[in-house]
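**Student:** Protein chains in written order, with the UniProt record's numbering: chain F, 1 to 119; chain C, 1 to 297.
(1) So is residue 45 (chain F) in contact with chain C if we call contact Cβ pairs under 8 Å?
(2) Output needed for residue 65 (chain C): all residues of its chain with C-beta closer than 8 Å, excluding positions within five of it in sequence on either side, in chain order.
(3) Measure the beta-carbon distance from residue 202 (chain C) to residue 196 (chain C) and round it to whole angstroms, keeping in mind my assumption that it falls under 8 Å.
(4) Considering just the uninterrupted stretch of the alpha helix (DSSP H) at residue 138 (chain C), what are its terminal residues?
(5) Could you give the distance in angstroms between the alpha-carbon of residue 18 (chain F) and the alpha-carbon of residue 83 (chain F)?
(6) Closer than 9 Å, Cβ to any Cβ of chain F: which residues of the stretch 145–174 of chain C, in chain order?
(7) Against chain C, does residue 91 (chain F) count as a neighbour if the rule is that its beta carbon must be under 8 Å from one of theirs?
(8) Ordered along the chain, which non-local residues of its own chain (more than five positions away) have a Cβ less than 6 Å from that of residue 9 (chain F)?
(9) Look up residue 17 (chain C) in the DSSP assignment and say whether it is helix, strand or coil.
(10) Quickly, what does DSSP pair residue 24 (chain C) with across the bridge? List them, please.
(11) Would the stretch 107–115 of chain F and the stretch 36–52 of chain C be scored as touching if the rule is three or more Cβ pairs under 8 Å?
(12) Sort C:168, C:181, C:51, C:156 by Cα distance to residue 70 (chain C) and report the nearest one.
(13) Less than 8 Å between the CB atoms is what I'm expecting for residue 268 (chain C) and residue 224 (chain C), so what's the real figure, rounded?
(14) So if I threshold CB-CB distances at 7 Å, which residues from the stretch 212–242 of chain C count as touching chain F?
(15) Taking 8 Å as the limit between beta carbons, can you name the residues of its chain near residue 221 (chain C), skipping five residues before and five after?
(16) Please classify residue 86 (chain F): is it buried, with 16 or more other beta-carbons within 10 angstroms of its beta-carbon, or exposed?
(17) Mind checking if residue 196 (chain C) is an interface residue toward chain F, Cβ cutoff 8 Å exclusive?
(18) Check the Cβ of residue 337 (chain C) against every Cβ in chain F and list those closer than 8 Å, keeping chain order.
(19) Should residue 8 (chain F) be flagged as near chain C, meaning a C-beta pair shorter than 8 Å?
(20) Kindly list the residues whose CB is nearer than 7 Å to the CB of residue 296 (chain C), restricted to its own chain and excluding five residues on each side of it in sequence; keep chain order.
(21) Starting from residue 198 (chain C), follow its DSSP beta bridges and name the residues at the other end.
(22) By Cβ distance, which residues of its chain are closer than 7 Å to residue 226 (chain C), with the 5 residues on each side in sequence left out?
(23) Determine contact between the stretch 129–142 of chain C and the stretch 154–161 of chain C, defined as no fewer than three beta-carbon pairs at a distance below 8 Å.
(24) Is residue 289 (chain C) helix, strand or coil when you go by DSSP?
(25) Using a Cβ-Cβ cutoff of less than 6 Å, which residues in the same chain neighbour residue 14 (chain F) once the five nearest sequence positions on both sides are dropped?
(26) At 9 Å on the CB atoms, spell out the chain C contacts of residue 42 (chain F), in chain order.
(27) Within this structure, are the beta carbons of residue 214 (chain C) and residue 24 (chain C) separated by less than 8 Å?
(28) When DSSP labels each residue in this structure, what does residue 33 (chain F) get in the three-state scheme?
(29) If contact is defined by three or more beta carbon pairs under 8 Å, each pair taking one atom from either stretch, is the stretch 184–199 of chain C in contact with the stretch 30–37 of chain C?
(30) Do you know how far the Cα of residue 148 (chain C) is from the Cα of residue 285 (chain C)?
(31) Under 8 Å, with one C-beta from each stretch per pair, do the stretch 110–118 of chain C and the stretch 185–192 of chain C reach the 3-pair mark?
(32) For my contact list, residue 48 (chain C) and residue 19 (chain C) are in at a C-beta cut-off of 8 Å; report their separation, rounded to the angstrom.
(33) Might you give, ordered along the chain, the residues of its own chain that have their beta carbon closer than 8 Å to the beta carbon of residue 78 (chain C), omitting 5 neighbours on each side?
(34) Over the uninterrupted beta strand (DSSP E) stretch that includes residue 149 (chain C), give me the two end residues.
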């Protein structure tokens, strides 16, 4: 359910970010509480709280006293921008490395991508 | 605040050092894991902390005071023992009635709900209950007592996977609503590792590891790749385990960001080590270093 190659609270924060990007949590909409997340993911509430705290620090979520956590205004766009700038390092670099090992040139690769997208 | 603090705490039975010079500080309002192999001293440590056996040496503070014969501390402490004995004529309902009188925070409604969920036949004599049903009594008492300090010593013996999961779910939910200090001793490390905020690993009576689970994510890592590359990376490092398959090798080493970066730079695959695997590595390494000590004497 959570990516176990990362610390649990980081994986949780990324999962919520994914939810914001795919529209599960809309701008200004509430996200689940610490205790709801802990119960659902079967993790310690402190860990869940740490994951949410990470997103508050990053300005993705805002705390409204006594009500809960909400997706910050502008957060979806900001997240998309941040993920875009990490895209090359995270996905394209490993793709090129693997292609190179197999003797696939960047031009071949571009052709393959186009063909796959057209399917 | 600290719920439990010990310094130099020891319990010796003749030559056996069941608990040997233990210094720990467990913060309140957390779920702590107490891990160790059979005979590591987990139960003895919990018996010391609940005043059931007397220390050979050392000091302890439980909820701010010395626990031995201290009614104030003990009334706030619930200890669910692995092999709790009950009088032969008792039924589960009798145990629950006594617990209701003994624990100031007892929640009868919650106890009734748990009895139902764990399908505990409360009116059957305890002699006729299965091992799993006996464990369920302990779980109901441990949860419904809502004691500020609750010890669960291997609370799931004989419980099937469904009931164990139910125990974890109820523990998390009730802990979230009624925060308290929980010490959970267990063998099912992988099942509980996400529930724990802090772990203490005991081995042969001594503390082998005392850390927050968040930090443990980086405590060790497993690298794999070509054996020559792996061995070059391992040069000068402490190695917890190394296995070779033909020209490929896998090794587990103590972690840290430097080790991870060095391994990635060396072109190796890096994967994290689970708490269960770390536990096995640490206790095995400890046993073999002890064996070497003996061999050189």
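No residue lacks a Cβ here, since even glycine has one placed at the ideal position from N, Cα and C.
**Tutor:** Quick answer:
(1) Yes, residue 45 (chain F) lies at the interface with chain C (some Cβ there is under 8 Å from its Cβ).
(2) Scanning its chain for C-beta atoms nearer than 8 Å, with the 5 sequence neighbours on each side dropped, one finds around residue 65 (chain C) the residues 72, 73, in chain order.
(3) No, residue 202 (chain C) and residue 196 (chain C) are not in contact; Cβ-Cβ is about 15 Å, not under 8 Å.
(4) Unbroken alpha helix (DSSP H) run through residue 138 (chain C): 131–144.
(5) Each residue's Cα considered, the two are about 10 Å apart.
(6) Cβ contacts with chain F: 165, 168, 169, 172, 173.
(7) Answer no: the Cβ-Cβ gap between residue 91 (chain F) and chain C never drops below 8 Å.
(8) The residues are 47, 50, 51.
(9) Here residue 17 (chain C) sits in strand by DSSP.
(10) DSSP links residue 24 (chain C) through a beta bridge to C:6.
(11) The stretch 107–115 of chain F makes no contact with the stretch 36–52 of chain C, as fewer than three CB pairs between them are under 8 Å.
(12) The shortest C-alpha separation from residue 70 (chain C) is found at C:51.
(13) Rounded, the Cβ-Cβ distance is 6 Å, consistent with contact.
(14) Residues of the stretch 212–242 of chain C whose Cβ lies closer than 7 Å to any Cβ of chain F, in chain order: 214, 217.
(15) Only 252, 253, 255, 259, 260, 263, 270, 271, 272, 273 meet the Cβ criterion.
(16) With fewer than 16 neighbouring CB atoms inside 10 Å of its own CB, residue 86 (chain F) falls in the exposed class.
(17) The beta-carbon of residue 196 (chain C) is placed less than 8 Å from the nearest beta-carbon of chain F.
(18) Shown here, chain C extends from 1 to 297; a query on residue 337 (chain C) therefore has no answer.
(19) Interface residue, yes.
(20) Confidence at residue 296 (chain C) is low in this model, with a pLDDT of 47, below 50, so the placement of that residue should be treated as unreliable; the coordinate-derived value is given next. So no residue of the chain qualifies.
(21) DSSP output for residue 198 (chain C) lists C:32, C:212 as bridge partner(s).
(22) Excluding sequence neighbours, residue 226 (chain C) sits near 247, 248.
(23) The answer is yes - the stretch 154–161 of chain C touches the stretch 129–142 of chain C, with three or more Cβ pairs under 8 Å.
(24) In this structure, DSSP gives residue 289 (chain C) a helical state, which the three-state scheme calls helix.
(25) Excluding positions up to five away in sequence, the list is empty.
(26) The answer, in chain order, is 165, 168, 169, 172, 194, 195.
(27) Not a contact, by the Cβ cut-off of 8 Å.
(28) Of the three classes helix, strand and coil, the one that applies to residue 33 (chain F) here is coil, per DSSP.
(29) Yes: the two stretches touch, three or more of their Cβ pairs being nearer than 8 Å.
(30) One C-alpha to the other measures close to 36 Å.
(31) The stretch 110–118 of chain C, when compared against the stretch 185–192 of chain C, does not touch it at the 8 Å Cβ threshold.
(32) The Cβ separation is near 6 Å, so the contact holds.
(33) Only residues of its own chain outside the window of five on either side were considered, and among them 103, 141, 142, 145, 147, 149, 150, 151 have a CB closer than 8 Å to the CB of residue 78 (chain C), listed in chain order.
(34) Element bounds for residue 149 (chain C): 149–153.
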